[in-house]
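As structure tokens, the structure follows; a few thoughts come after it.
Numbering (our numbering), first residue to last: 6 to 268.
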């Protein structure tokens, strides 16, 4: 469910064929290696191959919507860009990049949020029981999951010019790794940061901030709330039967297997 819900949500919104969802989900898993910390040569090869396939898919999608426009986001973006840009190729390129960005931002991180949410709450049955009796605090529980185990632990950036952040001098063109997971556990900002507490009232950096704040944050929160509400209502005896299995990653924390039973 943690992988199906995000893929269905973005797929239906973009009106992508359901038959393509499985392939696109798999390509998203492979593409993300390019954003990992120190990826291996084999991981980069997987990412490059996936990126090429996704590029081909979404370029063709734009051309298909250009030929047969409908009432969907890609068609509407094309109409908007045609009013702003006289060069049709430039308009198509802008819409292609937007469609690809929106897609890549949706399934991977949200699926990680959903699976981590289920794992953490089942590992803390007293808090889960309290939440079942106080479901108005579901949004708080989701924010604590995002803080405690961010879907993306690392964001890498290249300095466009010489600058100083805090007391650290960063030279132009140097790569900087922003450790989101560590920031979300900073004891200077969070009391007892290593304790998972769904009643905690604290902000986090899992959706970034400022002009870089995640465009899809409301959708991710909605999907998490929908899944958690359904689990609390339909599966009161849900429990973990084996520890989770994680993908070999550092930045993107992906649970590949979580065995549960309903008692």
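The beta-carbon is built from N, C-alpha and C at its ideal position, and this holds for glycine as well.
I'd like the span of the alpha helix (DSSP H) that includes residue i, first residue to last.
i: residue 94; result: 93-110
i: residue 147; result: 143-153
i: residue 23; result: No alpha helix (DSSP H) holds residue 23; DSSP gives it neither H nor E.
Which class does residue i belong to by DSSP, given the choice of helix, strand or coil?
i: residue 209; result: coil
i: residue 182; result: strand
i: residue 174; result: strand
i: residue 243; result: strand
i: residue 251; result: strand
i: residue 201; result: coil
i: residue 8; result: coil
i: residue 219; result: coil
i: residue 113; result: helix
i: residue 166; result: coil
Can you tell me which of the options puts its alpha carbon nearest to the alpha carbon of residue i?
i: residue 252; options: 64, 50 and 37; result: 37
i: residue 112; options: 178, 170, 11 and 64; result: 11
i: residue 62; options: 116, 43, 35 and 104; result: 104
i: residue 70; options: 52, 32 and 20; result: 20
i: residue 110; options: 213, 188, 51 and 73; result: 213
i: residue 53; options: 35, 41 and 43; result: 35
i: residue 130; options: 245, 210, 166 and 55; result: 245
i: residue 162; options: 154, 175, 82 and 8; result: 175
i: residue 32; options: 47, 9 and 56; result: 56
State the start and end residues of the unbroken beta strand (DSSP E) segment that holds residue i.
i: residue 83; result: Run containing residue 83: none in the beta strand (DSSP E); it sits in the alpha helix (DSSP H), 78-89.
i: residue 161; result: 159-163
i: residue 37; result: Element bounds for residue 37: n/a, residue is neither H nor E.
i: residue 267; result: 265-267
i: residue 65; result: No beta strand (DSSP E) holds residue 65; the alpha helix (DSSP H) holding it covers 46-72.
i: residue 262; result: 260-262
Cβ contact (3+ pairs, closer than 8 Å) linking the stretch 217-231 and the stretch 73-90: Contact fails: fewer than three Cβ-Cβ distances are below 8 Å.
The stretch 128-147 / the stretch 195-208 touching (three or more Cβ pairs under 8 Å): yes
Validate contact between the stretch 170-186 and the stretch 224-238 using beta carbons, cut 8 Å, 3 pairs: no
contact_flag[the stretch 182-189, the stretch 119-132] where n(CB pairs < 8 Å) is 3 or more: no
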